[in-house]
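Quick note on UniProt numbering: the sequence shown kicks off at 1 and runs consecutively.
Each residue gets a CB set at the ideal place from its N, CA and C atoms; glycine is no exception.
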Amino acid sequence: MEKEKVFQQLFSMSFTPMLVMNMDGDIQILNEACCHLFKTKEERLLSCNVFEEPNRFFIEKHEVEPLRKQEEEVVLLKKKVDQQFPMHIHIQRTEGDIPLLVVQWKEFSSSIEKQEEVIRKMKQYKQFVQQSQDAFIVTREGRIQYLNPAGVKLLGARKKKSISGVLGFILFTPNI
Numbered sequence: 001m002e003k004e005k006v007f008q009q010l011f012s013m014s015f016t017p018m019l020v021m022n023m024d025g026d027i028q029i030l031n032e033a034c035c036h037l038f039k040t041k042e043e044r045l046l047s048c049n050v051f052e053e054p055n056r057f058f059i060e061k062h063e064v065e066p067l068r069k070q071e072e073e074v075v076l077l078k079k080k081v082d083q084q085f086p087m088h089i090h091i092q093r094t095e096g097d098i099p100l101l102v103v104q105w106k107e108f109s110s111s112i113e114k115q116e117e118v119i120r121k122m123k124q125y126k127q128f129v130q131q132s133q134d135a136f137i138v139t140r141e142g143r144i145q146y147l148n149p150a151g152v153k154l155l156g157a158r159k160k161k162s163i164s165g166v167l168g169f170i171l172f173t174p175n176i
């Protein structure tokens with residue numbers, strides 16, 4: 001429930017139409033931009049099932065099957081609305097006890113090219129980090145999640161696996 005509150009806050013600030021639905025297509029939360037896109041009030045949309053109305057939401061159940069089977073984390077659909085307006089639908093699976101699907105509708109004709117450019121730049125950055133002489137250490141909730149070869153060397157470890165998951169503050173705080 002707390003995750004839904006965070007989504008709700010993020011959604012309310014976004015101009016991109018978004019909703020969160022369960023794996024069966026039942027809408028859990030949505031933002032105002034989504035109401036505007038579908039020209040319907042929030043209460044009406046919350047009572048809808050995305051898979052039961054594929055002509056409205058442009059999503060069919062079989063298209064999200066890789067997310068349901070956990071084969072993919074993200075699905076990108078290319079659709080045309082009224083055979084004119086290109087629309088790209090980004091669907092991402094969330095982690096947690098009850099997996100949900102976050103859906104975004106993007107009406108940019110060049111969004112695919114932009115996403116491909118972002119992916120290319122991310123790969124270049126990842127390669128840069130791997131080859132860098134500077135130590136890169138990423139922590140989450142105090143535990144080391146990632147470190148590059150220079151980070152392994154800096155911490156005096158022989159292998160990355162021996163230090164991954166260790167509490168970072170133990171490594172960086174001198175004994176008192």
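Check	Outcome
Buried or exposed by the 16-neighbour rule on C-beta atoms within 10 Å, applied to Phe57	buried
For Arg158, the three-state DSSP class (helix, strand or coil)	coil
Nearest candidate by alpha-carbon position, reference Glu52, set Glu73, Leu67, Thr40 and Ile27	Ile27
Simplified DSSP assignment, three categories, for Asn31	coil
Cut-off 7 Å between Cβ atoms - residues of its own chain near Val50, not counting five sequence neighbours on either side	Met21, Gly25, Ile27, Phe57 and Ile59
Cβ contact (3+ pairs, closer than 8 Å) linking the region 137–152 and the region 86–99	no
Ile119 classed as buried or exposed, judged by whether at least 16 other C-beta atoms fall within 10 angstroms	exposed
Nearest-angstrom beta carbon gap, His90 and Lys106 [assumed within contact, 8 Å]	6 Å
Contact belief for Leu67 with Leu101 at Cβ below 8 Å, rounded distance in angstroms	6 Å
CB contact flag (Asn31, Ser14, <8 Å)	yes
4 or more residues per run - each alpha helix (DSSP H) lying fully within the region 53–107	54–57 and 65–68
Buried or exposed by the 16-neighbour rule on C-beta atoms within 10 Å, applied to Met18	buried
Sequence-distant residues of its chain with Cβ nearer than 8 Å to Gln130 (five each side left out)	Asn148 and Pro149
N- and C-terminal bounds of the alpha helix (DSSP H) containing Glu42	Glu42 to Leu46
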